[in-house]
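Structure record follows, encoded as structure tokens.
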Amino acid sequence: MSQAPVISIVCPCFNEQEVLETFTSKITDILSTTGYTYELLFINDGSKDNTFSVLKKLQGENRHIRIINLSRNFGKEAAMTAGLDQALGEVIIPIDADLQDPPELIHDFLLEWKNGYDVVVARRKDRSSDSLAKKITASLFYKFHNSIAQVEIPDNVGDFRLITRKVVTAIQLLPENQRFMKGIFSWVGFNTKVVEYTRAPRAAGETSFNGWRLWNFALDGITSFSTVPLRIWLYIGLFISFASFIYGSIIILKTLIMGHDVPGYPSLIAVVLFLGGIQLVGLGVMGEYIGRLYIESKRRPTYILEKDTSNEKDAE
Ligand code: UDP
Ligand code: MG
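All letters in the sequence shown, in the order written, are residues 1 to 316 by full-length UniProt numbering.
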């Protein structure tokens with residue numbers, strides 16, 4: 001492709017060998033009916049399976065495909081950042097490889113883009129394709145995050161969206177290397193349109209976000225966009241000090257009026273353990289932030305390309 005395409009599809013892939021062929025043929029069908037030029041940008045995020053060779057094979061059959069190969073698994077957020085950095089299009093559409101984000105929606109995206117929106121997000125109507133545990137934890141996360149963070153991330157909105165070049169340029173201004181994309185997308189703003197869809201179950205393969213990884217993802221989100229968990233300790237501390245002052249005064253008064261009291265071991269140990277626990281939680285929260293500060297202060301790049309092809313002339 002000698003000229004920059006209008007649409008860049010950005011698709012991070014981690015162990016997606018089973019689904020890539022179906023994905024590519026489905027999305028190609030849809031893109032070819034839009035009337036715009038396009039590229040399919042796949043980011044191989046250090047897959048352990050044959051994702052890379054499958055991509056290479058598909059590239060041989062489809063001249064719209066570009067592949068970015070990361071030097072190891074950096075995680076979806078980093079892979080997407082790599083994709084946004086390398087995308088050439090006027091509008092960029094990040095999408096999952098597993099066909100959970102329906103490519104048909106791209107038509108609606110483009111329509112709203114033509115109506116003048118810089119961001120068109122896809123919101124899932126319900127979470128029927130998720131397990132009960134995921135539904136509950138996701139809803140708790142959004143509630144908690146949105147009540148303490150400066151920018152809200154809309155409920156049930158993933159990374160599947162259309163953004164214009166202007167938005168990508170804004171995103172690239174954010175220097176942090178631990179990137180919580182949902183938050184970053186919201187943070188940069190721009191006039192946004194929401195379109196709704198029903199999320200399908202994975203077409204093939206397995207999700208790589210389970211239990212522990214989702215928990216850490218949630219922590220990343222909260223610590224990236226809010227300092228409330230750090231500041232709340234001032235108030236917890238004040239409250240406990242105040243309560244213990246009142247309690248202490250009561251004990252002194254009681255002793256003065258009623259004489260010597262028999263010291264109570266159970267209440268004493270309960271208070272000691274309670275305070276010890278509270279202090280450890282406070283320290284732990286601080287640790288979360290300090291750990292992130294430490295990593296951020298090293299100024300390491302978000303991802304490493306296995307081979308940088310960004311400046312190479314296209315072979316065709
Ligand atoms: N992904 C990635 N790197 C990772 C994990 C996931 O690039 O370390 C990609 C994955 O290939 C898929 C997308 O991110 O295209 C969403 O992942 P997944 O379907 O596992 O997440 P879920 O849909 O369960 O949230
Ligand atoms: Mg998925």
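Cβ atoms here follow ideal geometry from the backbone N, Cα and C, with glycine treated the same way. Only a predicted model underlies this, so the values are computations on that prediction, with no experimental measurement involved.
Proximity test, residue i beta-carbon vs the ligand UDP heavy atom, cut-off 6 Å
| i | result |
| --- | --- |
| residue 17 | no |
| residue 221 | no |
| residue 216 | no |
| residue 56 | no |
| residue 14 | yes |
| residue 115 | no |
| residue 160 | no |
| residue 79 | yes |
| residue 76 | yes |
| residue 73 | yes |
| residue 42 | no |
| residue 209 | yes |
Own chain, CB closer than 7 Å to residue i, minus 5 neighbours either side, in chain order
| i | result |
| --- | --- |
| residue 228 | 148 |
| residue 141 | 218 |
DSSP-derived helix/strand/coil call for residue i
| i | result |
| --- | --- |
| residue 239 | helix |
| residue 209 | coil |
| residue 48 | coil |
| residue 134 | helix |
| residue 274 | helix |
| residue 6 | coil |
| residue 307 | coil |
| residue 140 | helix |
| residue 158 | strand |
| residue 301 | coil |
| residue 169 | helix |
| residue 197 | strand |
| residue 72 | coil |
| residue 222 | helix |
| residue 315 | Low per-residue confidence applies at residue 315: pLDDT is 42, beneath 50, and the placement is therefore not dependable, though the value from the model is reported in the following sentence. Residue 315 falls in the coil class under three-state DSSP. |
| residue 30 | helix |
| residue 124 | strand |
Sub-7 Å separation of residue i and residue j beta-carbons
| i | j | result |
| --- | --- | --- |
| residue 19 | residue 205 | yes |
| residue 190 | residue 168 | no |
| residue 103 | residue 30 | yes |
| residue 193 | residue 112 | yes |
| residue 302 | residue 81 | yes |
| residue 213 | residue 100 | no |
| residue 122 | residue 160 | yes |
| residue 187 | residue 157 | no |
| residue 289 | residue 230 | yes |
| residue 12 | residue 43 | yes |
| residue 145 | residue 83 | no |
Residue i Cβ short of 6 Å to the ligand MG heavy atom set
| i | result |
| --- | --- |
| residue 45 | no |
Identified DSSP bridge partners for residue i
| i | result |
| --- | --- |
| residue 42 | 11, 67 |
| residue 117 | DSSP, once it has assigned bridges, lists no residue as partnering residue 117. |
| residue 288 | BP columns for residue 288 are empty, so no partner. |
| residue 192 | 119 |
Cutoff 8 Å; reference residue i; Cβ partners in own chain excluding five residues on either side
| i | result |
| --- | --- |
| residue 72 | 46, 304 |
| residue 278 | 236, 240 |
| residue 34 | 7, 106, 107, 110 |
| residue 116 | 191 |
Close-in-space but distant-in-sequence residues of the same chain around residue i (CB under 6 Å, 5 per side omitted)
| i | result |
| --- | --- |
| residue 17 | 49, 50, 51, 54 |
| residue 87 | 8, 10, 41 |
| residue 164 | 91, 118 |
### Around the ligand SAM, Cβ to any heavy atom closer than 6 Å, ordered along the chain
What this structure holds is the ligand UDP and the ligand MG, not the ligand SAM.
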